[in-house]
Ligand SMILES: Cc1ncc(C[n+]2csc(CCOP(=O)(O)OP(=O)(O)O)c2C)c(N)n1
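Protein chains in written order, with the numbering used here: chain A, 1 to 191; chain B, 1 to 577.
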């Protein structure tokens with residue numbers, strides 16, 4: 001029996017994590033896996049920290065991912081990668097967009113945006129695959145495509161052919177954004 | 001056909017296939033999507049009701065007329081609908097009724113963590129609880145038959161993790177269920193004492209029959225595995241148990257959680273050495289086991305607070321924890337906040353500046369409670385700001401300058417009754433209605449003040465001004481929350497005046513599609529003195545770098561509120577028409 005793979009997608013409300021998980025869910029369903037995708041709607045949409053759990057395998061029970069369980073954390077924002085690092089498995093991998101978005105405590109001057117969190121994670125032996133997804137998305141044609149750039153990067157690590165990802169993207173995004181998103185995916189994939 | 005659906009969409013599909021004709025609901029996380037997905041089917045009637053009580057009574061009326069109907073709400077919504085609920089248990093149904101209620105353990109977006117199962121027990125109504133989307137679908141579909149077979153409404157209990165998790169569902173076709181002929185039946189439907197006295201025994205008898213049904217109904221199942229440990233569980237906890245134990249333990253999974261079976265539990269208990277009940281929130285199944293004389297461990301091991309997970313189950317029962325990597329850097333929190341350009345911000349700034357004691361309510365505007373605005377003194381439940389203000393003012397005797405804030409949807413839900421009380425029992429209360437033309441918090445649902453129905457079609461629109469006037473409030477004024485001076489004057493005048501008053505702070509939510517935004521404002525660093533006054537708005541678009549304010553051009557929508565605060569004219573906006 002194939003063991004369950006656990007992927008966390010973390011970021012800031014409004015960054016497009018939802019579309020990323022939708023894409024991933026569709027793709028995995030098409031591959032014939034049992035899939036669960038879980039997120040909490042509500043308060044978190046107002047610029048708060050958001051997390052989506054994606055799990056797949058022969059049979060998936062729990063929809064959530066807890067401490068020390070994630071095979072991958074795909075982080076849309078630097079701090080969010082650090083916030084959820086305790087969910088990572090011993091040999092798990094972090095795909096980190098190095099974009100910084102100030103949270104409210106930093107904006108109002110009650111805290112500083114911590115520096116060097118990715119370096120600290122690396123120093124602890126964590127595999128951190130860092131990329132500037134925002135620049136790559138802009139290169140593809142829109143800052144909004146950060147989510148697809150990161151999915152492109154994740155695709156490197158999963159055993160699913162690139163063509164299938166392309167197809168899933170074509171089936172998920174509106175016609176007029178297809179080209180842009182395919183480009184964004186490739187930029188992340190080939191980074 | 002296999003589809004990946006969130007639990008709530010699966011419920012919608014199940015109800016649809018089960019032959020639903022009418023759904024009436026009030027939004028509330030995590031239940032909202034049930035009705036949103038149902039509204040996509042054009043062959044049924046769907047609507048947003050003003051509150052949960054109305055919604056449930058609409059479902060009742062539709063059932064009386066012979067149609068299969070449903071209503072959906074969050075856990076606290078069932079408090080609002082509790083009155084019809086208890087007597088609906090007596091009348092029973094003609095067309096089946098499914099009451100969907102979604103609990104929110106861990107309070108991801110709720111003000112309390114109440115356990116809806118108590119309502120099923122108290123009202124003597126059967127309750128089913130799915131553990132994933134496939135069951136959400138099949139239980140919802142089957143609930144109509146259960147309802148009509150036993151002549152009772154059925155409560156479908158969801159929780160956040162089932163409602164908002166996608167899993168695979170094998171969907172089918174809609175059943176063709178004709179609407180039954182209406183036949184007047186006063187003995188069953190006119191609940192005055194003489195009739196109700198005859199209905200109560202029917203309810204008791206029904207409960208007995210349902211308890212018998214629970215012994216071998218398709219909702220409950222035993223999965224025998226190792227017998228050292230036997231676990232009784234339901235809902236999402238079942239998934240955590242299977243994740244941790246697979247078939248190394250035996251499991252009694254209860255899909256029907258009221259009434260609970262007796263023989264089935266006894267039989268299961270007799271086959272295992274150690275019996276553990278795993279249920280989130282209160283001890284309902286465990287208490288039932290005790291009442292049968294069966295010793296089960298439950299809340300002695302597991303907390304009645306918050307959600308569980310596979311981690312909780314493994315830790316509590318096996319003492320097992322995964323290895324983790326932790327970093328030392330302290331990570332600042334990222335709480336939700338009011339959006340850049342949110343129309344609630346300006347009026348809050350004014351209330352805070354004028355040091356008003358503000359009784360708050362529930363909605364996006366509850367975020368006005370957090371720093372730097374810190375503009376709210378209390379939040380209890382929907383509508384409580386208005387009625388609470390009246391009580392506060394009576395007891396306070398005018399020592400504090402006070403007001404309350406309430407959103408448009410919340411005002412219609414249960415604020416207007418409090419306003420009637422203010423007018424009738426005469427306190428000098430100032431009610432601020434934050435009219436952003438939408439139900440924002442739960443993700444933009446239409447309501448009776450927006451002029452559109454659930455499908456986005458034009459609909460009758462409540463005039464808040466006329467409504468307030470008609471209940472006896474003479475002073476009703478409308479302000480633009482983007483205009484700080486106007487808000488200031490209104491708040492000063494209305495809190496000073498010797499009679500009740502309403503201020504309608506009117507501006508549509510900035511996230512609405514048809515709302516025009518402006519080009520961002522900019523800070524002239526030569527003029528900025530770093531006084532941080534603009535920072536007191538708590539706008540996510542304004543930050544402070546090198547002792548000067550900086551405005552994020554992606555987030556800023558040019559509402560100009562910060563510009564009005566700057567004493568040095570350092571914030572500039574482009575020329576506008
Ligand atoms: C009894 C009850 N029903 C539903 C909810 C969920 N809920 C919280 S606030 C809210 C409405 C918010 O809309 P509005 O008052 O217009 O304020 P906005 O969020 O738009 O600022 C709803 C439906 C609740 N907390 N309690």
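Even glycine gets a Cβ: it sits at the ideal position worked out from N, Cα and C. Quick caveat, the model's predicted, so the values are computed rather than measured.
Residue 182 of chain B and residue 154 of chain B have their C-alpha atoms spaced approximately 21 Å apart.
Taking C-beta atoms as the reference points, residue 50 of chain A and residue 25 of chain A fail to come closer than 9 Å. At a cut-off of 9 Å between beta-carbon atoms, residue 174 of chain A makes no contact with chain B. Secondary structure note for residue 97 of chain A: its beta strand (DSSP E) is the uninterrupted segment 88-97. Bounds of the beta strand (DSSP E) holding residue 45 of chain B are 45-48.
Residue 332 of chain B has its alpha-carbon roughly 44 Å from the corresponding atom of residue 288 of chain B. A residue is called buried once 16 or more other Cβ atoms fall within 10 Å of its Cβ, and residue 158 of chain B is buried on that count.
Remark: the C-beta of residue 160 of chain B is outside contact range of ligand 1, defined as less than 8 Å to any heavy atom.
Within the stretch 131-143 of chain A, no residue has a Cβ lying closer than 7 Å to any Cβ of chain B.
Under the criterion of beta carbons closer than 8 Å, residue 191 of chain B and residue 91 of chain B qualify as touching, at roughly 6 Å. For residue 68 of chain A, there is no enclosing beta strand (DSSP E), as DSSP gives it neither H nor E.
Residues of chain B with a Cβ closer than 9 Å to the Cβ of residue 12 of chain A are, in chain order, 334.
At a C-beta separation below 9 Å, residue 156 of chain B has no neighbours in chain A, since its nearest C-beta there lies roughly 18 Å away. Pairwise C-beta distances place the stretch 535-554 of chain B in contact with the stretch 101-114 of chain A, as three or more of them are shorter than 8 Å. Excluding its 5 nearest sequence neighbours in each direction, residue 63 of chain B has C-beta neighbours in its own chain below 6 Å: 69, 93, 94, 95, 97, listed in chain order. Of the heavy atoms belonging to ligand 1, at least one sits nearer than 8 Å to the Cβ of residue 365 of chain B. Contacts with chain A at 9 Å (Cβ-Cβ) include residue 167 of chain B.
Listed as beta-bridge partners of residue 445 of chain B by DSSP are B:439. Annotation: residue 78 of chain A has no Cβ neighbours in chain B at a cutoff of 8 Å; minimum Cβ distance is about 10 Å.
Of the other Cβ atoms in all chains shown, 16 or more fall within 10 Å of the Cβ of residue 147 of chain A; this residue is therefore buried.
DSSP links residue 34 of chain A through a beta bridge to A:57. Within the stretch 181-203 of chain B, contact with chain A at the beta-carbon level (separation under 7 Å) is assigned to no residue.
Membership of residue 357 of chain B in the beta strand (DSSP E) is indicated by the continuous run 357-359. In this structure, residue 434 of chain B has its CB closer than 8 Å to one or more heavy atoms of ligand 1.
The bridge partners DSSP lists for residue 544 of chain B are B:549. Annotation: Cβ neighbours of residue 88 of chain A in chain B (cutoff 7 Å, chain order): 325. Sequence-distant partners of residue 2 of chain B (beyond 5 residues in either direction) whose C-beta falls short of 6 Å from its own C-beta, in its chain, are 168, 170. Per the DSSP secondary-structure output, residue 458 of chain B pairs in a beta bridge with B:452.
Set against 8 Å, the gap from the CB of residue 26 of chain B to the closest heavy atom of ligand 1 is smaller. The beta carbon of residue 110 of chain A falls within 9 Å of a beta carbon belonging to chain B, placing the residue at that interface. Residue 342 of chain B sits in coil when the DSSP states are folded into three classes, being neither helix nor strand. Between the alpha carbons of residue 72 of chain B and residue 101 of chain B lies a gap of roughly 6 Å. Residue-level contact by beta carbon fails for residue 529 of chain B and chain A, as no gap is shorter than 9 Å.
The criterion of a C-beta distance shorter than 9 Å is satisfied by residue 534 of chain B and residue 566 of chain B. Cβ contact annotation for residue 92 of chain A (same chain, cutoff 6 Å, sequence separation greater than five): 70, 71, in chain order.
Among the residues facing chain B, residue 93 of chain A is not included, as its CB has no counterpart in that chain under 9 Å away.
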